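Student: Going down the list, the sequences are from chains G and Y. Residue numbering for the first sequence follows the numbering used here, starting at 4 and increasing by one per position. Residue numbering for the second sequence follows the numbering used here, starting at 4 and increasing by one per position. No residue lacks a Cβ here, since even glycine has one placed at the ideal position from N, Cα and C. Predicted model only: the values in this text are computed from it and were never measured. Shown below is the structure under consideration.
Protein chains: 2
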Amino acid sequence: MIIDGRKIARKILEEIKEKLQKSGRSLRLAAVLVGENQELKKFIELKKKAAEKIGIEFRTYEFPEDITNNKLRRELNKISKVKTTHGVIIELPLPEHLNTQSLLNTIPEEKDVDVLSEKSQGKFFTNRSKILPPAVEAMKQIFEEYKIDLKGPDAKGIEDPRFANYALRRANRDKTAAVFGYGLLVGKLVSHWLVNQGATVSIITEYTKEPEKISREADMIISGVGKSNLITENMVKEGAVVIDFGRDVDFKNVSKKAGLITPPVGGVGPIVVAAVLKNLVELSSSRKY
Amino acid sequence: MIIDGRKIARKILEEIKEKLQKSGRSLRLAAVLVGENQELKKFIELKKKAAEKIGIEFRTYEFPEDITNNKLRRELNKISKVKTTHGVIIELPLPEHLNTQSLLNTIPEEKDVDVLSEKSQGKFFTNRSKILPPAVEAMKQIFEEYKIDLKGPDAKGIEDPRFANYALRRANRDKTAAVFGYGLLVGKLVSHWLVNQGATVSIITEYTKEPEKISREADMIISGVGKSNLITENMVKEGAVVIDFGRDVDFKNVSKKAGLITPPVGGVGPIVVAAVLKNLVELSSSRKY
Numbered sequence: 004m005i006i007d008g009r010k011i012a013r014k015i016l017e018e019i020k021e022k023l024q025k026s027g028r029s030l031r032l033a034a035v036l037v038g039e040n041q042e043l044k045k046f047i048e049l050k051k052k053a054a055e056k057i058g059i060e061f062r063t064y065e066f067p068e069d070i071t072n073n074k075l076r077r078e079l080n081k082i083s084k085v086k087t088t089h090g091v092i093i094e095l096p097l098p099e100h101l102n103t104q105s106l107l108n109t110i111p112e113e114k115d116v117d118v119l120s121e122k123s124q125g126k127f128f129t130n131r132s133k134i135l136p137p138a139v140e141a142m143k144q145i146f147e148e149y150k151i152d153l154k155g156p157d158a159k160g161i162e163d164p165r166f167a168n169y170a171l172r173r174a175n176r177d178k179t180a181a182v183f184g185y186g187l188l189v190g191k192l193v194s195h196w197l198v199n200q201g202a203t204v205s206i207i208t209e210y211t212k213e214p215e216k217i218s219r220e221a222d223m224i225i226s227g228v229g230k231s232n233l234i235t236e237n238m239v240k241e242g243a244v245v246i247d248f249g250r251d252v253d254f255k256n257v258s259k260k261a262g263l264i265t266p267p268v269g270g271v272g273p274i275v276v277a278a279v280l281k282n283l284v285e286l287s288s289s290r291k292y
Numbered sequence: 004m005i006i007d008g009r010k011i012a013r014k015i016l017e018e019i020k021e022k023l024q025k026s027g028r029s030l031r032l033a034a035v036l037v038g039e040n041q042e043l044k045k046f047i048e049l050k051k052k053a054a055e056k057i058g059i060e061f062r063t064y065e066f067p068e069d070i071t072n073n074k075l076r077r078e079l080n081k082i083s084k085v086k087t088t089h090g091v092i093i094e095l096p097l098p099e100h101l102n103t104q105s106l107l108n109t110i111p112e113e114k115d116v117d118v119l120s121e122k123s124q125g126k127f128f129t130n131r132s133k134i135l136p137p138a139v140e141a142m143k144q145i146f147e148e149y150k151i152d153l154k155g156p157d158a159k160g161i162e163d164p165r166f167a168n169y170a171l172r173r174a175n176r177d178k179t180a181a182v183f184g185y186g187l188l189v190g191k192l193v194s195h196w197l198v199n200q201g202a203t204v205s206i207i208t209e210y211t212k213e214p215e216k217i218s219r220e221a222d223m224i225i226s227g228v229g230k231s232n233l234i235t236e237n238m239v240k241e242g243a244v245v246i247d248f249g250r251d252v253d254f255k256n257v258s259k260k261a262g263l264i265t266p267p268v269g270g271v272g273p274i275v276v277a278a279v280l281k282n283l284v285e286l287s288s289s290r291k292y
C-alpha cells in the first residue's frame, strides 16, 4: 500500500487550524534562507502555502550565499527577538563555510519548531521535549494512521528466561528497523525515538559494508540520506514498511515488494510541513503573547 | 585477551596528576548519594580513593532515601554553587520517586563531569561537548590502548557504486557493534558515539526478540544492562571485542571466545572512575577559580 501523505497532512492541518481559531491568536513563522538553492526555495514555498492556508503568517528572510557566520548570527538573533514571530526555521543545509549548529543555537527553545538547537536536542534526547522533531512527528503520524504497532503483543520471547523480568513487565514488542543515514534532520533523531518506542534499531551509514544484509531482515526501513536509488528492491524484505525522507528509495521497484511505502511525491514531505506548523502551534500555545 | 582496565586507568590518572601539579590548582569533586545503597557506596569509595591518590579533594553528601524531589533539588543547587567545588556527581540510580533528569539538570555544565544534564547531553548529541561521558571515554581509551581501529581502511565496499561519493571521501571503515541496553549512562551515549566513529550500530533492548541473531554477527559487543549472564557464549562471535559495563556477560565462558574482553573486576570500572576525574580536570582547566 502506498502511504497517502497528503491525507495525513490535511488531518493535522485541520486539527491545528481549529485549535488556532479557538485560541483567536495570530501566529507568524519566520524562515531563513541562505543562498540561491532552488530546492530549498521550493520547500519554503510549500511551508508558506500550508501556513497561509490555515491562517499563519509566513515571512521569509533571505541572505546571500557568502554571508559570514558572525553576520548571520547577528541577523538570526534579531529575527528570533521579534515578539510577533512565534517560530524560526533555518533551511538546511547551509553553505559549507557556515557553522550550522552554532547558528541553530541562536533560536530560542520556545521558537525552535524544528527542535534542532543544542538545548532543544538536549530536551529531546532526555525525553523531555514537549514537541517532536518534524521527521519524528511525521513518522509517528504515519504509524498512527496505518496502525503500525511497535508495541503489539507477541508471545515469542516471553519464554526466554534471560528477559523474564522485562517480559513480565510488558509484552514483547520488538520490530526491527534499519535506519539509513545518521544526519541532523532524520537519522539521529528517528533512531533515538524508535529505540524508545521498543524497536530494535540498526543504523546504517556510508561506512556500512553490507547494508543489504541488515535491511533485508528489517521490518521497517527509514531513510534520510539524500541519494537516489540507494535502496533497491533486493535490499527490502517482502511486506516491509518503507519510509523515505531522503528520496533514497527506488520507488518503482521497491513499492512492489513493500507492505507500506511513502511515495517520492505526496509522501513524507507534506506531513513534515504539517508537523512544523503543529510544533509552532504547540510551542506558542504555552506563551503569553 | 583480557583488557587490563587498571593499567589504562593508571595511565589516565598519571596524566591528569601531572597536569594538575603543573597548574598548581586544588580541585574538589562532590558526590551525592541518596539512600543506603551499598553498591553505590562502594562506587563512591572507589572514586574517592582514586581522587585522593592524585590530590583531588572528594566530598560526599548523603541524603535519606525518602527525601523529596524539591528538597533534593534545593540541596543540589547549594552544592553546585560552592565555588571551591569543581565537579558534582549524583550516584545513580536514584530512588524511584525522584525525577532523575530534573535533578541532573541542576548541575551546571561546567561542573557536570558525568555529562548527564539536559544541557550537557545537548552538547554531546550535537558533537560540541569538550568532554565525553565517562562510559564513552572509557570505551575510547580501550580502543586506543588496544589499537582497535574503527577507521581502518578496508577495500570492500569502495567498489560499491551506491556509496561511490562517500567512498571517495574516506576509506570504508565499518565495524559492526551490538549495543545491549539503551540506558542513560551507557547505551544511549555509547551508540551515538560509535555511529559517529563509523561503526554500524544495532541497539538491543529488552524488547528485542532475537538478540543473539544480531550479537552473533557483531565485531564488538558493548553492554550496559545490569543483568548477570544476559550475554552467553553462543551469542558472541569468535574473536569479538566485548566491553561489559553492566556485568551482563558470562565472563567465564565468553572470555574463551572473545578476542578482547573486559573482566568483571578490573575491567571498565577503574577506567570509568579515571574518566570522571579526567573530566573534572578538563572542565576546571578552562575556569578561573
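Between the Cα of L32(G) and the Cα atoms of P67(G), L75(G), E68(G) and E94(G), which residue gives the shortest distance?
Tutor: Looking at the Cα atoms, E94(G) is the closest of the given residues.
Student: I'd like the ranges of any alpha helix (DSSP H) spanning at least 4 consecutive residues and lying wholly in the stretch 86-142 of chain Y.
Tutor: Within the stretch 86-142 of chain Y, the complete alpha helix (DSSP H) runs of at least 4 residues are 103-107 and 121-128.
Student: Could you check what DSSP says for A158(Y) in three-state terms: helix, strand or coil?
Tutor: Confidence in A158(Y) is poor, its pLDDT being 36 and thus under 50, which makes the residue's placement unreliable; the coordinate value appears in the next sentence. Coil.
Student: What residue does the alpha helix (DSSP H) around E17(Y) start on, and which one ends it?
Tutor: Unbroken alpha helix (DSSP H) run through E17(Y): G8 to S26.
Student: Alpha carbon to alpha carbon, how far is K56(Y) from A167(Y)? Give it in angstroms, no decimals.
Tutor: Here A167(Y) scores only 44 on pLDDT, less than 50, and its place in the model should not be relied on; the value that follows carries that caveat. Cα to Cα, the separation comes out at about 52 Å.
Student: Distance cutoff 8 Å, beta carbons only. Does T128(Y) sit that close to anything in chain G?
Tutor: The sequence shown places Phe at residue 128(Y), not Thr. Cβ-Cβ to chain G under 8 Å: yes for F128(Y).
Student: If we ignore side chains and look at the alpha-carbon of each, how far apart do I47(G) and I47(Y) end up?
Tutor: Spanning the two alpha carbons is a distance of roughly 53 Å.
Student: With 16 other CB atoms within 10 Å as the buried threshold, where does V276(Y) fall?
Tutor: By the neighbour-count rule (16 or more Cβ atoms within 10 Å), V276(Y) is buried.
Student: Spatial neighbours of R172(G) within its chain, please: CB distance less than 6 Å, with the 5 preceding and 5 following residues excluded, ordered by chain position.
Tutor: With a pLDDT of 39 at R172(G), under the threshold of 50, the modelled position of that residue is not reliable, and the figure given next carries that caveat. So the list is empty, once near-sequence residues are dropped.
Student: Applying the 10 Å Cβ sphere with the 16-neighbour rule, what's the burial state of Q24(G)?
Tutor: Classification of Q24(G): exposed, given that the 10 Å Cβ count is below 16.
Student: Could you check which residue in G58(G), S29(G) and R62(G) has the C-alpha nearest to that of K44(G)?
Tutor: Closest option to K44(G), Cα to Cα, is R62(G).
Student: Please name the residue in V85(Y), A202(Y), I82(Y) and N40(Y) whose C-alpha comes closest to that of L68(Y).
Tutor: In the sequence as displayed, the identity of residue 68(Y) is Glu instead of Leu. The residue with the shortest Cα to Cα distance from E68(Y) is N40(Y).
Student: Between the stretch 196-205 of chain Y and the stretch 232-242 of chain Y, can you find at least three pairs of beta-carbon atoms closer than 8 Å?
Tutor: Contact fails: fewer than three Cβ-Cβ distances are below 8 Å.
Student: What does the alpha-carbon distance come out to for the pair F66(Y) and L36(Y)?
Tutor: Computed Cα separation, rounded: 6 Å.
Student: Using the rule of at least 16 other Cβ atoms within 10 Å of the residue's Cβ for burial, across every protein chain shown, is I225(G) buried or exposed?
Tutor: So I225(G) counts as buried.
Student: Over the uninterrupted alpha helix (DSSP H) stretch that includes S226(Y), give me the two end residues.
Tutor: From DSSP, S226(Y) is part of no alpha helix (DSSP H) but of the beta strand (DSSP E) over M223 to S226.
Student: Indicate the three-state DSSP secondary structure (helix, strand or coil) for N282(G) in the structure shown.
Tutor: Three-state result, N282(G): helix.
Student: Distance check for T203(G) and K212(Y), CA to CA, integer angstroms please.
Tutor: Cα to Cα, K212(Y) sits roughly 9 Å from T203(G).
Student: Output the boundary residues of the beta strand (DSSP E) element that contains A33(G).
Tutor: Segment R31 to V37, the beta strand (DSSP E) holding A33(G).
Student: In three-state DSSP terms, what is S205(G)?
Tutor: Reduced to three states, the DSSP call for S205(G) is strand.
Student: Measure the alpha-carbon distance for A261(G) versus R250(G) and round it to whole angstroms.
Tutor: Near 16 Å, if we compare the C-alpha coordinates of R250(G) and A261(G).
Student: Taking all protein chains shown into account, decide if S205(Y) is buried (16 or more other Cβ within 10 angstroms of its Cβ) or exposed.
Tutor: So S205(Y) counts as buried.
Student: Say whether chain Y places a C-beta atom closer than 8 Å to the C-beta of Q41(G).
Tutor: No, no contact with chain Y.
Student: Given a threshold of 16 other Cβ atoms within 10 Å of its Cβ, counted over all protein chains shown, does E179(G) qualify as buried or as exposed?
Tutor: It is worth fixing the name first, because residue 179(G) is Thr in this sequence and not Glu. Buried, since its Cβ has 16 or more Cβ neighbours within 10 Å.
Student: Looking at the unbroken beta strand (DSSP E) that takes in R62(Y), where does it start and where does it end?
Tutor: E60 to F66 is the extent of the beta strand (DSSP E) around R62(Y).
Student: Show which residues of chain G have a CB atom less than 7 Å away from the CB atom of Q104(Y).
Tutor: Residues of chain G passing the Cβ test: T129 and R131.
Student: Return the CA-CA distance between Y169(Y) and L97(Y), expressed in angstroms with no decimal places.
Tutor: In this predicted model, Y169(Y) has a pLDDT of only 44, less than 50, meaning its place in the structure is not dependable enough to derive any value.
Student: Would A53(Y) and L16(Y) be called neighbours here (beta carbons separated by less than 8 Å)?
Tutor: Their beta carbons are under 8 Å apart, which means A53(Y) touches L16(Y) by this criterion.
Student: Just mark K281(Y) as buried or exposed, buried being the case when its beta carbon has 16 or more other beta carbons within 10 Å.
Tutor: The residue is buried, with at least 16 neighbouring Cβ atoms inside 10 Å.
Student: How many whole angstroms separate the CB atoms of E285(G) and K133(G), which I take to be in contact at a CB cut-off of 8 Å?
Tutor: Contact flag correct, Cβ pair sits at about 7 Å.
Student: If you drop the 5 nearest sequence neighbours on each side, which residues of the same chain put their C-beta closer than 7 Å to that of N237(G)?
Tutor: Excluding residues within five positions, the ones whose Cβ falls inside 7 Å are E215.
Student: So, is G160(G) buried or exposed, given that buried needs 16 or more other C-beta atoms within 10 angstroms?
Tutor: Its pLDDT being 40, under 50, G160(G) is placed unreliably by the model, and the measurement read from it follows with that caveat. Counting Cβ neighbours within 10 Å, G160(G) comes out buried, since at least 16 surround it.
Student: Cα separation between L135(G) and G27(Y)?
Tutor: Computed Cα separation, rounded: 47 Å.
Student: Using a Cβ-Cβ cutoff of less than 8 Å, which residues in the same chain neighbour I207(G) once the five nearest sequence positions on both sides are dropped?
Tutor: So the qualifying residues of the chain are A181, V182, F183, G184, P214, I217 and S218.
Student: For A243(G), which of T103(G), E220(G) and P137(G) has the nearest alpha-carbon?
Tutor: With distances taken between Cα atoms, A243(G) lies closest to E220(G).
Student: For chain Y, check one thing: does any of its Cβ atoms lie closer than 8 Å to the Cβ of S288(G)?
Tutor: Not closer than 8 Å to any Cβ of chain Y, the Cβ of S288(G) fails to qualify, so no.
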